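2 protein chains.
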Amino acid sequence: MLLTFFNSCIFGQLSEDKRMIRQLHELSVTKGKAYDWLEFLCKDIGHRLSGSPQLAAATNYTYYLMKELGFDSVWLQSCKVPHWERGPKEIVRVTGSVEGQFDLSALALGNTWGTGPNGVSGEVIAVYGLEQLSKMPDSLVKGKIVFFNRPFAEAPLNTFESYGMTVDQRGGGPALAAKKGAIAALVRSVTSSNDDIPHTGGSWFGEEGPFIAAYAIGCQSADRLAHALKLGKVVAYCQSDSRMLPDADGWNVIGEIRGSKYPEEIIVVGGHLDSWDVGEGAHDDGAGTVQSIEVLQLLRLAGYKPQRTIRAILFTNEENGARGGKAYKTFTDKTNEKQILAIESDAGGHSPQGFTWESTDKYEGKYRDRLMQWKNILDEYGYRFIFGYSGVDIEPLKPHHGLLMGLLPDSQRYFDYHHSAKDTFDKVNRRELELGAAAMASIVYLADRYGIR
Amino acid sequence: MLLTFFNSCIFGQLSEDKRMIRQLHELSVTKGKAYDWLEFLCKDIGHRLSGSPQLAAATNYTYYLMKELGFDSVWLQSCKVPHWERGPKEIVRVTGSVEGQFDLSALALGNTWGTGPNGVSGEVIAVYGLEQLSKMPDSLVKGKIVFFNRPFAEAPLNTFESYGMTVDQRGGGPALAAKKGAIAALVRSVTSSNDDIPHTGGSWFGEEGPFIAAYAIGCQSADRLAHALKLGKVVAYCQSDSRMLPDADGWNVIGEIRGSKYPEEIIVVGGHLDSWDVGEGAHDDGAGTVQSIEVLQLLRLAGYKPQRTIRAILFTNEENGARGGKAYKTFTDKTNEKQILAIESDAGGHSPQGFTWESTDKYEGKYRDRLMQWKNILDEYGYRFIFGYSGVDIEPLKPHHGLLMGLLPDSQRYFDYHHSAKDTFDKVNRRELELGAAAMASIVYLADRYGIR
């Protein structure tokens, strides 16, 4: 009798949770506004690099949007952000080869300095990656243009794994080439696509340098260059005027619903408002920002009153400095708040397949158990929980011992668009985008209702 | 000790299966050719309605493709297929309304007869669906043009559910309107998209009729028409010359790898080669046909020698007669083969999320148990098995008591394109398409290795 009563309580509760989660999903695809907000970000504002007037406009737009939506509080959290400018269109040109002269489709890599008006000219040498380059004697590299040509790995089924296997060429390749005396670096675009659109991204030289100009080149350009190198010596000319300006002002845009019972326990949902300076920053990461606002809206539409404080954070400067994430971390160190859960959406607006998660060792076992319970409740949606990296902006929160999660959307198309002129609004499907918000809202609901450990 | 040995056998076997399934997936995204074959079907041949020269060309292409690939046998299975022709571009025009005159974006529905050169003209009445129409007195319908305007349901998370809730208007609406004396029917396109592209599809009047002209109209046209009807009386004019011709010749294209141990046990993988006469039949169902060929190729590339016969069937005439599926059923009734498993891919070339499955009651429990075992082996891919409809072409095989399955891809984008000019090659992502083939190949491997009950 008691057992029966106990069971019926559990099942009653379970079905109430399932009903709420179903409602959050249905609300997202029927009443969600994330797609409309994304259209404004992409089409009325456009790409949004740190320090640009577009990022200021996006900051303004999302601040007043959350104000209008009537969240309990909305505020800006300021910080200084790196300010990089591409300058006029880059030139990367093969000036001497068995195949003649031809231009390569190129974009300067973010945070790098250009060559100045006269450009640089030198022989091109190809390497398959950093390991090969590091073993080469400096004498072979000095005065050369180093071409990193290891392609995006096709075999991993999650393309973020492929990205992780290749992106070191872009992030650290040019700096290593510079240390060994190279005069410029070319990097095959880190993309699953086989066209000739270059995909930019950050490249890091450290404070000291030495600095050289560095460019992403389109895959077809990379193939053409590799072919010319097979046939003989190749000389190339690079010219660009990209540069770092003094740090600019940046802002995290924060909106929250105050918790009724444990207002000092904070659940963060976030994405980043900045983007690279090509395309429209649609999947990376307009999607994550509008989904984060939508999570709060869905809970309100469902009539749910959270016990804990639910906070949407549109981080600034993820792409070329991660200063927004660091600013929020600095803020949390000064308050008495407990950052119990943070979910970042920065992997595109495609159909949600689950979440990555991580934490400090201290609570890993507890979080694993809790996620197994939630997996059962979420069974009909097929969401998976995979132990792994959460997100650049929330990573600094790790020392708070909270649960950190990253939305895990279908990854097959993401790196076709990522950091390129192709990352535009038309690549985002309304329902897929909204379902991502619903998946996040479901986790927020469960964490708010039951706590995380 | 014995237990340990037994366990290690189980785990050894399990890991061998997991290795093979991982290999099938990796081969699909690294060596798969389905995307190239689909490009030929879509771009060199184009849409492929039954009786059209394009379907004959596609039959030829895929027959010789499978011959060249070196399957153990490749043959054509002939049957008679309905032969419908759209004729010159349809006209559906509002000729009198408070909003003035305007054209509606329209496509005649498949298998319907046009109005002939003079067209028909009449007052438009809107209904929300068949139930409402069936309750209306015939006197209100007689001489009118009936406009079915129930929209595609947004709330279901699987859009095939939405489709099932709405498609009766297109399939059966015009026939019911005709029986009640209507002179033509307009049907709001059955689509998740909100643009003005009409989505055609089959409409069924039975042998006896009465027959009237019937058209799909774009969603924006439907909204405009509904708005005009709110404001007052609307008169429209329809003209089209679509017609049924005498039955034409059609062919299922079949290729197989002969089983080494149980050649009379047949595992079918299939899609349909025909498409509607707009767009390129890319997702519906070029995707399913090239995936079916790919399944056999992946098993061969993996070096797997099947015990049972694996048969790829490219069915003909799924869209407007399903005669290919019936022809194969008739063939199986005459052989001593056992049709143990059939998998159809006819839900688009998006990322695979699992399979629907069904069977006769007799073995339902056994199949459910077997699928639960497979679900564990396939755990890392997140594939789900959902009891439900398998596919139009394999459905006739049900009396053989085999397991019938349908590939279940991500459904969010499918009905944006379905049966319209938008179903073109560029909507298909190479990796998503190939992973669908890998998912099917994995099931085929498990069924071949262990049988299905």
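Residue numbers (my numbering), protein chains in the order written: chain A, 234 to 686; chain B, 234 to 686.
Note that beta-carbon positions come from the ideal geometry of N, C-alpha and C, so glycine has one too.
The structure displayed is predicted, hence computed values, not measured ones.
Between the alpha carbons of B:L464 and B:G333 lies a distance of about 11 Å. Using a C-beta cut-off of 8 Å, the stretch 666 to 674 of chain B makes contact with the stretch 521 to 538 of chain B, since at least three inter-stretch Cβ pairs fall below that distance. Inter-segment contact for the stretch 583 to 595 of chain B and the stretch 550 to 558 of chain B is absent: fewer than three beta-carbon pairs are separated by less than 8 Å. Listed in chain order, the non-local C-beta contacts of A:A535 below 7 Å within the same chain comprise M253, Q256, L257, L260, local neighbours out to five positions each way being set aside. Not flagged as an interface residue toward chain B: A:R601, since no C-beta distance is shorter than 8 Å.
Burial state of A:S367 is exposed, judged by a 10 Å Cβ sphere holding fewer than 16 other Cβ atoms. Within chain B, the C-beta atoms nearer than 8 Å to that of A:G615 come from Q586, G587, G615, R617, in chain order. At least 8 Å separates the CB of B:E527 from every CB of chain A. Taking a contact to require three or more Cβ pairs closer than 8 Å, the stretch 415 to 424 of chain A and the stretch 446 to 466 of chain A qualify as touching. Taking 8 Å as the cut-off, the beta carbon of A:A446 is found no closer than this to the beta carbon of A:S425. As the crow flies, the alpha-carbon of A:Q540 is around 9 Å from that of A:E498.
Residue contact check for A:V523 against chain B: no CB pair falls below 8 Å. Within the stretch 245 to 267 of chain B, those residues whose Cβ lies closer than 7 Å to any Cβ of chain A are, in chain order, H258, E259, V262, T263. Within the stretch 341 to 417 of chain B, the runs of beta strand (DSSP E) at least 3 residues long that lie entirely inside it are, in chain order, 349 to 360, 378 to 381.
Sequence-distant partners of A:A680 (beyond 5 residues in either direction) whose C-beta falls short of 6 Å from its own C-beta, in its chain, are I500, L574. Within chain A, H258, E259, V262, Y614, L668 have C-beta atoms less than 8 Å from the C-beta of B:L390, given in sequence order. With respect to chain B, the C-beta atom of A:E394 has no partner C-beta closer than 8 Å.
When secondary structure is reduced to three states using DSSP, A:Y614 falls in the helix class.
Counting other Cβ atoms within 10 Å of its Cβ, B:G488 reaches 16 or more and is therefore classed as buried. Below 8 Å, too few C-beta pairs join the stretch 612 to 629 of chain B and the stretch 376 to 387 of chain A to call them touching: fewer than three. Taking C-beta atoms as the reference points, A:G320 and A:G347 count as a pair closer than 8 Å.
In the three-state reduction of the DSSP assignment, B:L337 falls in the coil class, being assigned neither a helical nor a strand state. Ranked by how close their Cα comes to the Cα of B:E249, the residues B:Y361, B:Y537, B:G434, B:V467 have B:Y537 in first place.
Secondary structure note for B:Y296: its alpha helix (DSSP H) is the uninterrupted segment 286 to 302. Assignment of B:Q645 by DSSP, reduced to helix, strand and coil, places it in the coil class. Following the DSSP letters along the chain, one finds B:K276 in no beta strand (DSSP E), marked with neither H nor E. Between B:E497 and chain A, the shortest Cβ-Cβ separation is not below 8 Å. Scanning chain A for C-beta atoms nearer than 7 Å to the C-beta of B:D643 yields S584, D643, reported in chain order.
B:T549 is positioned such that its CB atom lies closer than 8 Å to that of B:S283. The criterion of a C-beta distance shorter than 8 Å is not satisfied by A:H516 and A:D428. For A:S425, the closest Cβ of chain B is nearer than 8 Å.
Counting C-beta atoms within 10 angstroms of its own C-beta, B:D510 has 16 or more neighbours from the protein chains shown and is therefore classed as buried. Residue-level contact check: B:R421 does not touch chain A, since none of the beta carbons of chain A fall below 8 Å from its beta carbon. Residue pairing by DSSP places A:D269 in no beta bridge whatsoever. Under the Cβ criterion (8 Å, minimum of three pairs), the stretch 640 to 650 of chain A counts as touching the stretch 575 to 592 of chain A. The C-beta distance from A:A410 to A:V379 rounds to 4 Å, short enough to meet the 8 Å contact threshold.
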